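Some notes on the structure that comes next.
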Amino acid sequence: MSQPVQASTGGSAPEGHLRQGGRTLLLTLYAALRSLKLYPLENATVQNALDDLNSAAKALLDVEVDIEIRIAGDFLFVNATRLRVELDNYASFSHILALCRAFEIGTLHVRSGMERREWQIFLSLLLSISEKGETDERLVVLQERLDEAKVTHLEVERAQPDGASSHEARHAAKRVYAEGVAVTKDVIAGVRLGRATRLKRVKRAVQQVVDQVLNNEMSMVGLTTVRDYDEYTFTHSINVCIFSVALGKKLGLSKVQLYDLGMTALLHDVGKARVPAEILNKTNQLDEREWMLIQQHPWQGALTLFGMRAYEEIPYHSILVAHEHHMKIDLTGYPKCIRPRTLGMFSRIVSVADAFDAATTRRVYQTVAIEPDQVLREMWGNPKRGHEQVVVKALINLIGVYPVGTCVILDTFEVAVVTGPNPDSQQLNRPLASIAVDADGGALPLPGTPINLAEKDESGAYRRSIVKVTNPARFGLTVGDYFV
Ligand SMILES: [Fe+2]
Ligand SMILES: [Fe+2]
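The opening position of the sequence shown corresponds to residue -14 in our numbering, with each subsequent residue numbered one higher.
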């Protein structure tokens, strides 16, 4: 059982203001949660507890402007200060830690202006969602309900998998990917139905993609090869978002710029929501009228995004990129320009990401995807493709000449799946791989035998070299099994 809680912990200890204020905040938070769990909202105990919580937060916000409560392992931090767990606060701290873990909350931001009403909504939601036993995506449900209830001074952020095992990191990457697909679906459906887009959710999904690319780049980039044939429009958008952010990172953009770039990339094809689905999914040749409709998607996208500006912040770049992403740097693409113009940097990045993903995905009218190495060579070598070469170079650096997921035949007659670029940037044509099929044609158990193609034998010759790229389906392989 827990100890009774007072709004103040007494100021005799020589502690910093933050440590004491932070502790008071957490104790009052726990007290309010507990009383709300036991009594109805109108009850005086609940009301007093909410008052205490609100004043504890106010006291801290007066000095700190913003409060960030962060969970790292078994520790609680308030802004940069770690709170010491003592006997009298042990129960409340561990309860809050457990609750945050159940919701996968990593950080709780409380901003200046936080109202008592918002605390009440937040705590009630925490309790009702956990009582209902909803286990899937509790955090997303919580975030959505907070948005609906117009709680604007409090934000919950997902825990980062830093320091976690690679399994957890991959799991986190998959979850972020799935959320990206879900928000894209939501945006496209919203535009089709003329419904307001929940941009906050889109922003959050993009921020997570950026965070994942910054912490866990290979897992995230690896996921782009797990393409779903039926969901092309949605997986394409999130893939372009991941590639663009990873390219932006290579080109030295800041985190804030990467957020903008990610949002921009995710929305680059939003104009396709205005093109009839039968045309987008058509399996045979498009006639002239249909092709014309497809070519409208850049300016339709720009108009759509312009319309969304009224609801909430859409970066200006998004409008520009939606309009420019098929123009090519020599302006031979579409829509046609009347006056000469220079494409923005974001447009150049998104175009490269877009072209690469589109060309390497098997689509309705494309029975076989072109092999990634061929696509890269073409983008690099053929000026008619109209790509910014600096960005293409960054793409080659990012994924290697043989991107993750490429299935290759080796001079040893083994078949391998590429699992990552060589850490040595001089050896981009000799990636890391996993042998999937041995020289006799026997399939090896997952995840295969890891190899580094730059490895040499005693005589100084490479142990294995790539002979050619092949279609994994020919060997019954699902490339995603080897690195996700
Ligand atoms: Fe497009
Ligand atoms: Fe696209």
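Heads up, the beta-carbon is just placed ideally off N, CA and C, and yes, glycines get one too. Just so it is clear, the structure is predicted and the values come from calculations on it, not from any experiment.
Cutoff 8 Å: glycine 445 Cβ touching any chain D Cβ
Absent from the structure is chain D; it holds one protein chain and no more.
Rounded to whole angstroms, what's the CA-CA distance from leucine 246 to cysteine 226? Just pull it up for me.
Translated into the one-based positions of the sequence shown, residue 246 becomes position 261. Translated into the one-based positions of the sequence shown, residue 226 becomes position 241. If I take the Cα positions, the gap works out to 8 Å.
Report, in whole angstroms, the separation of the C-beta atoms of threonine 218 and isoleucine 264, which I expect to be a contact under 8 Å.
Position 233 of the sequence shown, counting from 1, holds the residue named residue 218. Position 279 of the sequence shown, counting from 1, holds the residue named residue 264. Not confirmed; about 12 Å, so no contact.
Do leucine 14 and leucine 38 come within 8 Å of each other at the CB atom, strictly closer than that value?
Looking up residue 38 in the sequence shown gives position 53. Looking up residue 14 in the sequence shown gives position 29. Cβ distance < 8 Å, so leucine 38 and leucine 14 count as in contact.
Assign arginine 96 to one of three DSSP states: helix, strand, or coil.
Position 111 of the sequence shown, counted from the first residue, corresponds to residue 96. Strand.
If contacts are defined as beta-carbon pairs under 8 Å, then cysteine 392 and asparagine 437 qualify, I think. What distance do you get, rounded to the angstrom?
Position 407 of the sequence shown holds residue 392. Position 452 of the sequence shown holds residue 437. Separation of the CB atoms of cysteine 392 and asparagine 437 is rounded to 17 Å, and the pair is thereby denied contact status at 8 Å.
Run through DSSP, which three-state label would valine 325 get?
Reading the sequence shown from its first residue, position 340 is the one you call residue 325. The question names valine, but residue 325 is proline in the sequence shown. Proline 325 falls in the coil class under three-state DSSP.
Where lysine 267 sits in the DSSP three-state scheme:
As a first step, residue 267 is located in the sequence shown; it is residue number 282 there, counting from the start. Residue state, collapsed to three classes: coil.
With a cut-off of 8 Å, do at least 3 Cβ pairs link the segment 177 to 189 to the segment 380 to 396?
no
Using a threshold of 7 Å, is the CB atom of histidine 311 nearer than that to any non-hydrogen atom of ligand 1?
Indexing the sequence shown from 1 puts residue 311 at position 326. It does: the Cβ of histidine 311 is within 7 Å (strictly closer) of some heavy atom of ligand 1.
Can you tell which of Gln285, Ile299, Met293 has the C-alpha that lies nearest to the C-alpha of glutamate 309?
The residue labelled residue 309 in the question sits at position 324 within the sequence shown. Looking at the Cα atoms, Gln285 is the closest of the given residues.
Assuming leucine 139 contacts leucine 18 (C-beta within less than 8 Å), just tell me the rounded distance between them.
To locate residue 139, count along the sequence shown from 1; it is residue 154. To locate residue 18, count along the sequence shown from 1; it is residue 33. The Cβ separation is near 14 Å, so there is no contact.
From what residue to what residue does the alpha helix (DSSP H) around valine 141 run?
Walking along the sequence shown from the start, residue 141 turns up at place 156. Not the alpha helix (DSSP H): valine 141 falls in the beta strand (DSSP E), residues 139 to 143.
Here's the rule: buried if 16 or more other CB atoms are within 10 angstroms of the residue's CB, otherwise exposed. What is tyrosine 467?
Mapped onto the sequence shown, residue 467 falls at position 482. The residue is buried, with at least 16 neighbouring Cβ atoms inside 10 Å.
Any heavy atom of ligand 1 closer than 7 Å to the CB of aspartate 339?
Locating residue 339 in the sequence shown gives position 354, where the first residue counts as 1. Within the cutoff, so yes.
Per DSSP, what kind of secondary structure is leucine 238 in: helix, strand or coil?
In the sequence shown, residue 238 corresponds to position 253, counting from 1. Of the three classes helix, strand and coil, the one that applies to leucine 238 here is coil, per DSSP.
Does ligand 2 have a heavy atom nearer than 7 Å to the CB of valine 260?
Reading the sequence shown from its first residue, position 275 is the one you call residue 260. No; taking the cut-off as 7 Å, the Cβ of valine 260 has no heavy atom of ligand 2 nearer than that.
Near leucine 238, what residues of its chain come up, given a Cβ to Cβ distance below 7 Å and the 5 sequence neighbours on each side ignored?
Here residue 238 corresponds to residue number 253 of the sequence shown, with the count starting at 1. Contacts found: Leu246.
Put proline 357 into one of helix, strand or coil per three-state DSSP.
Here residue 357 corresponds to residue number 372 of the sequence shown, with the count starting at 1. Proline 357 falls in the helix class under three-state DSSP.
The segment 156 to 164 / the segment 189 to 201 touching (three or more Cβ pairs under 8 Å)
yes
Taking the alpha carbon of glutamate 89 as the reference point, which residue from Glu100, Leu413, Val126 has its own alpha carbon closest?
Here residue 89 refers to the residue found at position 104 of the sequence shown. Closest option to glutamate 89, Cα to Cα, is Val126.
When you measure from the CB of alanine 421 to every non-hydrogen atom of ligand 2, does any distance come out below 7 Å?
Here residue 421 is taken as the residue at index 436 of the sequence shown, counted from 1. No, the Cβ of alanine 421 stays beyond 7 Å of every heavy atom of ligand 2.
What is the DSSP secondary structure of proline 388, reduced to helix, strand or coil?
Locating residue 388 in the sequence shown gives position 403, where the first residue counts as 1. Coil, per DSSP.
Identify which residue in Arg143, Ala428, Gly98, Phe107 has its Cα closest to the Cα of arginine 130.
Your numbering for residue 130 matches position 145 in the sequence shown. Among Arg143, Ala428, Gly98, Phe107, the Cα nearest to that of arginine 130 is on Phe107.
Might you give, ordered along the chain, the residues of its own chain that have their beta carbon closer than 7 Å to the beta carbon of tyrosine 244, omitting 5 neighbours on each side?
Mapped onto the sequence shown, residue 244 falls at position 259. Once the five neighbours on either side are set aside, the close Cβ partners of tyrosine 244 are Val191, Gln192, Val195.
Does the Cβ-Cβ distance between leucine 271 and isoleucine 279 come in under 8 Å?
For the purposes of this step, residue 271 is identified with residue 286 of the sequence shown, where counting begins at 1. For the purposes of this step, residue 279 is identified with residue 294 of the sequence shown, where counting begins at 1. In contact: leucine 271 and isoleucine 279 (Cβ atoms closer than 8 Å).
Counted within 10 angstroms of its Cβ, other Cβ atoms place glycine 433 as buried (16 or more) or exposed
Stepping through the sequence shown from its first residue, residue 433 is reached at position 448. When all chains shown are included, glycine 433 counts as buried.
Does at least one heavy atom of ligand 1 sit under 7 Å from the Cβ of histidine 156?
Your numbering for residue 156 matches position 171 in the sequence shown. Histidine 156: no, Cβ never under 7 Å from ligand 1.
Report yes if the C-beta distance between valine 260 and glutamine 281 is below 8 Å; otherwise report no.
Counting from 1 along the sequence shown, the entry for residue 260 is found at position 275. Counting from 1 along the sequence shown, the entry for residue 281 is found at position 296. Cβ atoms of valine 260 and glutamine 281: closer than 8 Å.
Taking the alpha carbon of leucine 480 as the reference point, which residue from Lys234, Ala258, Ala428, Ser229 has its own alpha carbon closest?
It is not possible to answer for residue 480, since the shown part of the chain is limited to -14 through 469.
What does phenylalanine 60 pair with, by DSSP beta-bridge criteria?
Position 75 of the sequence shown, counted from the start, is the residue given in the question as residue 60. According to DSSP, which records beta bridges pairwise, phenylalanine 60 is partnered with Ala57.
Would you say the beta carbon of aspartate 254 comes nearer than 7 Å to a heavy atom of ligand 1?
Working through the sequence shown from its first residue, we reach residue 254 at position 269. Yes, ligand 1 has a heavy atom inside 7 Å of this Cβ.
Can you tell me where the alpha helix (DSSP H) with leucine 3 in it begins and where it stops?
Sequence index remark: in the sequence shown, residue 3 carries index 18 (1-based). Leucine 3 -> alpha helix (DSSP H) spans 2 to 23.
Taking 7 Å as the cut-off, is the CB of valine 225 close to at least one heavy atom of ligand 2?
Counted from its first residue, the sequence shown places residue 225 at position 240. Checking the Cβ of valine 225 against ligand 2 gives yes.
Please report how far the alpha carbon of alanine 428 lies from the alpha carbon of isoleucine 420, in whole angstroms.
Numbered from 1 along the sequence shown, position 443 holds the residue referred to as residue 428. Numbered from 1 along the sequence shown, position 435 holds the residue referred to as residue 420. If you take the alpha carbons of alanine 428 and isoleucine 420, they lie about 9 Å apart.
So for serine 109, helix, strand or coil by DSSP?
Numbered from its first residue, the sequence shown carries residue 109 at position 124. Serine 109 falls in the helix class under three-state DSSP.
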